[in-house]
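One structure is given below, encoded as structure tokens.
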Amino acid sequence: MYNTVMQQFTKTADAIKLDPEIRKILEATTNEIVVHFPVKLDSGKIKIFTGYRVQHNNVLGPYKEGLRYHPSLNIGDAKALAMWMTWKTSLAGLPYGGAKGGIQLDPREYSLSELERITRRFTYALGDNIGPEYDIPAPDVNTNEQTMAWISDTYMSAKPSSERSRNKHIVTGKPVGSGGLEGRDRSTGFGVFLNIKLWYESQNENLDGKTFIVQGFGNVGYWTSYFLSKEGAILIGVQDTHATLYNKNGIDVANLHNHCKPRKGSIKGYADAREITSEEFFGLECNILIPAAMGNQITCDNAHKIKAELIAEGANGPTDFEGESILLDRKITIIPDILCNSGGVIGSYFEWLQNRNGEIWHLEEVMLKLEKKMIEVFKKTELIVKENHIDWRSAAYIMAITRIETVYRQRGIFP
Ligand code: NAD
28 MYNTVMQQFT
38 KTADAIKLDP
48 EIRKILEATT
58 NEIVVHFPVK
68 LDSGKIKIFT
78 GYRVQHNNVL
88 GPYKEGLRYH
98 PSLNIGDAKA
108 LAMWMTWKTS
118 LAGLPYGGAK
128 GGIQLDPREY
138 SLSELERITR
148 RFTYALGDNI
158 GPEYDIPAPD
168 VNTNEQTMAW
178 ISDTYMSAKP
188 SSERSRNKHI
198 VTGKPVGSGG
208 LEGRDRSTGF
218 GVFLNIKLWY
228 ESQNENLDGK
238 TFIVQGFGNV
248 GYWTSYFLSK
258 EGAILIGVQD
268 THATLYNKNG
278 IDVANLHNHC
288 KPRKGSIKGY
298 ADAREITSEE
308 FFGLECNILI
318 PAAMGNQITC
328 DNAHKIKAEL
338 IAEGANGPTD
348 FEGESILLDR
358 KITIIPDILC
368 NSGGVIGSYF
378 EWLQNRNGEI
388 WHLEEVMLKL
398 EKKMIEVFKK
408 TELIVKENHI
418 DWRSAAYIMA
428 ITRIETVYRQ
438 RGIFP
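Count along the sequence shown starting at 1, add 27, and that's the number in our numbering.
Listed below in structure tokens is the structure:
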């Protein structure tokens, strides 16, 4: 993923003739924090875990976003994901920089109480490397509102009593009732759906009867499917870590979601679809492909098989540089991650504002604000696509990096 983000950055920096001095700054990550911390497991044994927090750039505001729990997470991934966050927050016009991190572990191997102790000890180990006006984590792969509740409680408990409530915005994506935002759970999926809808509208088409396949049926995959199916699009293929399902007549999103709930989120065993091999997934005949799982899923090995006309990147970094070039040659449109899944960080921004101002926003208000913001970013990017006859990722990167370059030029470099 790190190679991918650097190749994307270099392409844009060359295209816009980015100031070489600013280029040096943006190529580097500001802070790379690695912590090794002990946790007592249910067996009574101690295990040492490794956690990461990479802070790429904060020229536009505090470092922001996800913590993921995954066995493959390493410093290179965290650097790439942090850099994507810098571009994403810049593109969305938010007052944030970019960060990412997490713990290298497979959460399925631990009990809930072990996960709570791991999360709290990780928060303690990060200490003041995070902070509500400095670096504000949020959920990502295998972390959720419960994880955020543990982090905020641990962080606030370490502060003097008189300061605790002033630190509520240490994380976003908290449960509603613990300072969370109504609608933050669906904000990423809603944004992915809206980008797809707007793209079809720009082609004078609508979603009714369009078929889609989705890789990953977690937070992003489920909510995207939910909103798409409400507008008449038909889910025909879905893949997660455990299985790949196909039904050319359509898979009912609500039924599949209910099937997953008691099975730790797994789609395996769903009766109203046929299980196919994982290799068949990307080659399925459909209108829209939504990668909503991990990075580097679409590469030169499978890009030539893809039949979709539109790829909407719910996941971060799902398409590598070579894969993308094959897709663009084949005239397949890609709505890039930094635009497509930015509903999540926009929702996070709303939650942060709500906590900072001691306000409570209602769901309808949140969804309206989110929609307005996403339409604005989509339209601005579309204008660059049309004016310059370029692909959507190039346009989004140009907007994001130009904004940061402008700020560096205005402020200069200290001292
Ligand atoms: P999640 O943990 O809720 O769900 C992940 C899903 O992906 C699960 O269904 C899992 O089984 C599946 N999966 C994992 N590895 C897979 C593989 N190799 N092949 C097929 N399926 C696989 O995670 P999420 O929050 O939905 O995040 C999904 C992606 O979206 C990530 O790339 C994340 O960085 C990105 N994202 C998430 C948010 C957010 O608000 N949660 C915001 C922006 C971007």
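For glycine and all other residues, C-beta sits at the position ideal for the given N, C-alpha and C.
As computed with DSSP, F377 is found in no beta bridge at all.
In this chain, the alpha helix (DSSP H) harbouring F405 covers 390-415.
The Cβ-Cβ distance between E92 and P164 falls below 8 Å. DSSP places L355 inside the alpha helix (DSSP H), whose first and last residues are 348-356. Distance from the CA of I417 to the CA of S305, rounded to the nearest whole angstrom, comes to 32 Å. Counted as a single uninterrupted DSSP element, the stretch harbouring F441 is not any beta strand (DSSP E), since DSSP gives it neither H nor E.
In the structure shown, H331 adopts helical secondary structure according to DSSP, grouped into three states. Look at G158 here: in three-state DSSP terms it is strand.
Nearest in C-alpha terms to F149, of all of T251, S256, F64, E403, is F64.
Taken from the Cβ of P202, every heavy atom of the ligand NAD lies 7 Å or farther away. Remark: the C-beta of G371 is in contact range of the ligand NAD, defined as less than 7 Å to any heavy atom. Note that the region 347-354 does not touch the region 372-386; fewer than 3 beta-carbon pairs, one per stretch, sit closer than 8 Å. At a Cβ-Cβ threshold of 8 Å, I338 and L311 do not count as neighbours. Here R135 is exposed: its Cβ has fewer than 16 other Cβ atoms, across all protein chains shown, within 10 Å. The region 189-277 is shown to contain whole beta strand (DSSP E) runs of 3 or more residues at 238-242, 261-266, 271-273, in chain order.
Taken atom to atom, the span from the alpha-carbon of I428 to that of A260 is near 34 Å. Relative to E172, the option among K396, G207, R436 whose CA is nearest is G207. If you compare the alpha carbons of H269, N343, E141, R191 with that of D364, the shortest gap goes to N343. In this model, R290 and R357 are separated by some 39 Å (Cα to Cα). With fewer than 16 other Cβ atoms from the protein chains shown falling within 10 Å of its own Cβ, S99 counts as exposed. At a threshold of 7 Å, N329 does not count as near the ligand NAD, since its beta carbon sits no closer than that to any of the ligand's heavy atoms. Going by DSSP, A152 is part of the alpha helix (DSSP H) stretching over 139-153.
Approximately 5 Å separates the beta-carbon atoms of L118 and A423; this is inside 8 Å, confirming the contact. In this structure, P166 has its beta carbon less than 7 Å from a heavy atom of the ligand NAD. If you draw a straight line from the Cα of F244 to the Cα of S70, it comes to about 32 Å. Not one heavy atom of the ligand NAD is found less than 7 Å from the C-beta of V62.
With fewer than 16 other Cβ atoms inside 10 Å of its own Cβ, P187 counts as exposed. N85 and V241 have their C-alpha atoms spaced approximately 33 Å apart. The Cβ neighbour count for P89, taken over all protein chains shown within 10 Å, is at least 16; the residue is labelled buried.
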